[in-house]
Structure formats: C-alpha cells, structure tokens
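Everything below concerns the one structure shown next.
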Amino acid sequence: MGVGIEVRNLNAWYGANHTLQDINLHIPANQATALIGPSGCGKSTFVRCLNRMHETNPIAKVTGSVRIGEIDIYSDASPVEIRRRIGMVFQRPNPFPTMSIYDNVASGLRLNGFRNRRVLDEVVERSLIHAALWDEVKGDLKKKSGASLSGGQQQRLCIARALAVDPEVLLMDEPASALDPVSTSKIEDLIFQLKAQYTIVIVTHNMQQAARVAERTGFFLNGKLVEFDSTHKIFTNPGDKRTEDYITGRFG
Amino acid sequence: MPNEYRVSTANRMRRMATNHLASGLAVLSTILVVAPLVAIFGYLLFKGASSLNLAFFTKTPAPEGATGGGMANAIVGSGILLAVASAIGVPVGIAAGIFLAEFGRGGKLANLVRFTADVLNGVPSIVMGIAMYALIVARQKHYSALAGGVALGIMMIPTITRTSEEMLLMVPHAIREAALGLGVPNWRSVLSITLRTASPGVITGCMLAFARIAGETAPLLFTALGSQFWSVDVNQPIAALPLQIYVYAASPYEDQIRQAWAGALVLIVLIVGAVSLVRYVTTRGVLKGAS
C-alpha cells in the first residue's frame, strides 16, 4: 500500500542557487499528485528531495523535513534504504544496457543480494504485468537486451524495474516527455492502475496530462510552491493569479 | 521542385569529384596504416615459418653451436611472466581507473594519481628493468621470473588505468542514477552497473596493455634474465620469447638466427591469439540489441 508524504519547510540549494524555498505540502496516499510549472521552477529538484537523489550531486544541500509514512527520510534512515522504499522513474528511459529484460527488472533485488531464483521469477513476471509490458516481452525475457526495446517499452521496463523492489511511493520525473502519444497514453493508463497500490508523484510539463491522471496538482514557480489543491480546482478556478496565467498559457 | 533548390550540373560534378577525392584519400590512408602490419607479418611468415617444427614447441634450446632444439621453455616462460604481470597490472590498473572516474573526481589525490600514471607511461622500459633490478633482484640476490613479472605488471598499470577511467566516464549519468534510484549502494552500483557497462572498453584497455608488454625485452634483461633450461619456478631466472629472440638474433649461428625468426612469428601469433580469445570469451554473452 502507498503511504502519504508530509513535507515541512523544505529548502534546497545547488551551490549558491536556492532552488526550493520553504515548501510545505501533504501528498495523500494512493493518489496521483501532479507537479507542474515552467522549466527551472524546482519541481524536479522537489521530487529528487523526496528520495534523497538530490544529495547525490556534491554541491547540493537540503534542509527541512520530509516524512514518508512514519519515517523522516532525512533523519531516520540512510539514503539507500529510502530509495528502496521510494521508487523513481526518470525523464529518459534508462534501462541497464548490458542487461537482459529479465535482469533489468530483477536488478534492484539482485544488487541488494537477493538470489532466490523462484521468487525472482515471480517478482519479474508480476512487475512486468503491473507495468503493462509482460505480453510484449514474455518470449524474450532473457534473450533481448533492455536497450533493444522501443522508447515506450523501455520506459515501462524502467517502471517495472522500480516496482520490483516493492516501493510505497513512485516518483515520476516527466516520464512521458520523451515518448510518442501512443506510449504516453499507455503510461497514463498505467498510472491509473498503479494508484491502487502506490502513492504517485508525477512531474509533468503537459497540463492535459496532469488534468488526466492526478487527483491533486501543485504549481511551482521560481522555487516556490504557489498553489496546491485538487486538480479540478487548479484547472477550473485557481486561487492565485500566477497559476491562472500559467495554465492559460500566458507564460511558461 | 522549385528551381532555386536545384543544383547546377557543374556544381554537382564538383561535389562528386570532391566526394571521390575524399573517399580515395581515406582508402589510401587505410592502406598506408595496414601495409606495414601486413608486410611485417608476411616477412615473418616467410622467414620464420620454415624453421617451425615440433621440436621448436617441445624442446629447450640446443647447446651452444649445436643445431636443433626449440623455444618451449621460452614460450612457457613468457606465459608465466605475462600471468604474473596481468595478476598485478589488471586489478591495480582497473581499481585506479575506478578511483579516478568514480570516487576521486577532481580531487587532489585523483590529479596526483592521474599525473603519476601519465609519467609512468612515459618511463622507458629499460628504466623499469633497472628499477626492478634495484628493488627486487639486488635484494633477493638472484634474478627471478617474479621480478620480471612485476616489471611488466607495473608497465601495464598506466595504460589500463587511463583507458578504464575514460571508459567509465563514458557511461551515461542516467545509468548511475537508475541504480542509485533503486536503492543500490554506491559501491555496488559502481562495480555491477558502471564497470559492467564500461567493460568492453576496459577489456580493450587491458588487451592493449597486455599486447604491449608481451613483446617487451628491455625490462626483462636485468630481472627474468632468460634461461636455457626448463623452469616454472617464479623464484628462478626464466626464459622469455622476446629475450630468446634478442639473444638468437645477434648470434653468429645460422640455425639460431632462423630460430629467432620463428620465435618472432610465434610471439606475434600468440599475442593475436590471446587477444582474440579474450575478445571471444568476453563478447559471447552479449545479448541481442545491447549497445
């Protein structure tokens, strides 16, 4: 089951650049939450702070607290444990090029020392079914490289890989921006199904996409969270002028 | 098609001529590069193949002045020296490459290591031999295969370090992020994902270093020394193909000069064989569509 995320006074920097300023919000469990805003507004930095990927950059710094379920990810656990509980799907599909489809999906478990072949088989099958890729690849699991799939398939493979370690939250950083419309709609269908089991946070530049998949939407601008409300409210009756300007296409 | 997009006949002729000229130059350069290799190999076959017989591969060198005998001990000796060298050069070289690319990035220590590797690469091989003579042979008070292997192994390190570093740096950042995002510890990600993704290039680096030292003579003169007898003991002087070729090529005896040619041929064939074998073994498991 997914868990809720409670963000309090989150600030983040890249060097001297204050990329996130005093972010406070509650992301509800088992819903999709979309984050929108112009390029450079801090939304990607924000999701990277939710699984401590932000700090893999040596010049990055974070303050504030993020609670995922019961744990404060910055004080109660190591980054490695956190990332196991919070899966991430990146903008560009990034399967491991030397690995087969099967090995890609199994990689999260295997690289953490898990070896039971029977259980791995089950996890790989279940994850690929969840990612709506099973029917397309089941005959080539160990024969084909993950890199040989099409872009849309690769992205679903990356989703399957993230699901295989059984996370509670799935972060998606513009997961469909490098994909064609057909693959994009597949990913969106998938988000709908995955909500039942995971809490989903999706960064997107595509406002229709946010409106289609998310219950709640946050609008970021210049490192600040301008508005966070139900998606319906944000797109029909935004409370802030800047949100309205952005969603009506007056800037950004 | 509108007229202004058309290319005039004169222009088209000029473009085709330029195209042919450029292709021609490329082919010519390729021939110039490959020709010496083919010439050397052909000449070695011509001079050496006739002296190859079963005895060459099974017998030790004949006593001074006598004909017959072979280089069996030198072939085995070279194998032992290269095994010792690889056991030192490959792990140290790859580990240093990993340090430079993954952990030391931009740090002072990394710059020092990189600089040292570049200097080491420029050290003449004879100097490496003398250094190992002073450090190992002079202390142990005897020549040994071990000292020769160490000298060759150290010579392998800089090539392997620098190619490993370059190859690791070419692995896309997205791949590393994918691993970290799965909750894989950094060290594990480096070994199982980054190094594995870079492995074809890293292996090529190792093979280049191996091929380079396999023909080295100078570092062995004061270390492995060479030997006329059977030996597989790393604490004893040992024969090596390049040493044997060096000695026989300067010999006054016709038979030994012919054997030197044969030795050179065998050395090249063994190097090419070893490199091809490693390539074959390491690419066998590559999947369909892997880049």
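From first to last, the protein sequence lines are chains A and B.
Using UniProt numbering, the first residue of the first sequence is number 1, and each one after it goes up by one.
Using UniProt numbering, the first residue of the second sequence is number 1, and each one after it goes up by one.
Positions of the beta carbon are idealized from the N, C-alpha and C atoms, including for glycine.
For a quick check, are the C-beta atoms of residue i and residue j less than 7 Å apart?
| i | j | result |
| --- | --- | --- |
| A/V62 | A/A12 | yes |
| B/G68 | B/A74 | no |
| B/T197 | B/I213 | no |
| A/V201 | A/T56 | no |
| A/L221 | A/G37 | yes |
| A/T243 | A/V226 | yes |
| A/G239 | A/L35 | no |
| B/N164 | B/I271 | The residue you asked about is not Asn; residue 164 of chain B is Ser in the sequence shown. No. |
| A/A132 | A/L190 | yes |
| B/A110 | B/L100 | yes |
| B/L82 | B/A262 | no |
| B/A117 | B/P158 | yes |
| A/A159 | A/A176 | Sequence check: residue 159 of chain A is Ile here, not Ala. Result no, Cβ atoms of A/I159 and A/A176 do not sit closer than 7 Å. |
| A/L163 | A/S127 | yes |
| A/I27 | A/I5 | yes |
| A/P95 | A/L171 | no |
| A/L149 | A/Y102 | no |
| B/A260 | B/A249 | yes |
| A/P93 | A/G151 | yes |
| B/S189 | B/L180 | yes |
| B/G70 | B/A55 | yes |
Which whole-angstrom value describes the C-beta separation of residue i and residue j, a residue pair presumed to lie in contact below a C-beta threshold of 8 Å?
| i | j | result |
| --- | --- | --- |
| A/R161 | B/L182 | 7 Å |
| B/L265 | B/A240 | Contact doesn't hold; Cβ gap of about 16 Å is too wide. |
| residue 253 of chain A | A/T199 | Any question about residue 253 of chain A goes unanswered here, given that chain A covers just 1 to 252. |
| A/G64 | A/L10 | 4 Å |
| B/F41 | B/I268 | 7 Å |
| B/A218 | B/S125 | 4 Å |
Go ahead and label residue i buried or exposed: buried means 16 or more other beta carbons lie within 10 angstroms of its beta carbon, across all protein chains shown.
| i | result |
| --- | --- |
| A/V7 | buried |
| A/V137 | buried |
| A/N104 | buried |
| A/Q153 | buried |
| B/V7 | exposed |
| B/T283 | exposed |
| A/I234 | buried |
| B/M13 | exposed |
| B/V232 | exposed |
| B/Y280 | exposed |
| B/G107 | exposed |
| B/G48 | buried |
| A/F228 | buried |
| B/V119 | exposed |
| A/S100 | buried |
| B/F229 | exposed |
| A/F251 | exposed |
Would you kindly report the start and end of the unbroken alpha helix (DSSP H) that includes residue i?
| i | result |
| --- | --- |
| B/M156 | 145-169 |
| A/A178 | Careful: A/A178 lies outside any alpha helix (DSSP H) and carries neither H nor E. |
| B/M207 | 195-214 |
| A/E136 | 134-137 |
| A/G152 | 151-164 |
| B/V232 | Premise fails: B/V232 is in no alpha helix (DSSP H) and is neither H nor E. |
| B/L220 | 218-221 |
| A/N104 | 101-110 |
Within the same chain, show all residues whose beta-carbon is closer than 6 Å to that of residue i, passing over the 5 residues directly before and after it, in chain order.
| i | result |
| --- | --- |
| B/S291 | Here the model assigns B/S291 a pLDDT of 46, short of 50, so the residue's position is not dependable, and the following value carries that caveat. Contacts found: none. |
| A/D173 | S44, V47, F90, Q91, V203 |
| B/V90 | C206 |
| B/G148 | L81, L220, T223, A224 |
Between which two residues does the beta strand (DSSP E) containing residue i stretch?
| i | result |
| --- | --- |
| A/H18 | 17-27 |
| A/T199 | 199-203 |
| A/L171 | 169-173 |
| A/Y14 | 5-14 |
| A/L225 | 224-230 |
| A/K61 | 60-68 |
| A/R216 | 216-221 |
| A/L35 | 32-36 |
| A/N86 | What sits at residue 86 of chain A in the sequence shown is Ile, not Asn. A/I86 -> beta strand (DSSP E) spans 86-89. |
Whose C-beta lies closer than 8 Å to the C-beta of residue i among residues of the same chain, with five residues either side of it excluded?
| i | result |
| --- | --- |
| A/R84 | G108, N112, V165, P167 |
| B/A145 | G77, I80, L81, V84, A224, S231, D233, V234, N235, Q236, P237, I238 |
| B/V150 | V84, A85, I88, M132, I136, T223 |
| A/N30 | M1, G2, K195, A196, Q197, Y198, T199 |
| B/G129 | A151, A218, P219, L220, L221, F222, T223 |
Excluding five sequence neighbours on each side, which residues of the same chain lie with their C-beta closer than 7 Å to the C-beta of residue i?
| i | result |
| --- | --- |
| residue 294 of chain B | Since the first and last residues shown for chain B are 1 and 291, residue 294 of chain B lies out of range. |
| A/V119 | none |
| A/Q197 | M1, G2 |
| A/I73 | R52, V66, I82 |
| B/I160 | G89, V90, G93, I94, G97, G205, C206, A209 |
| B/Q256 | Y248 |
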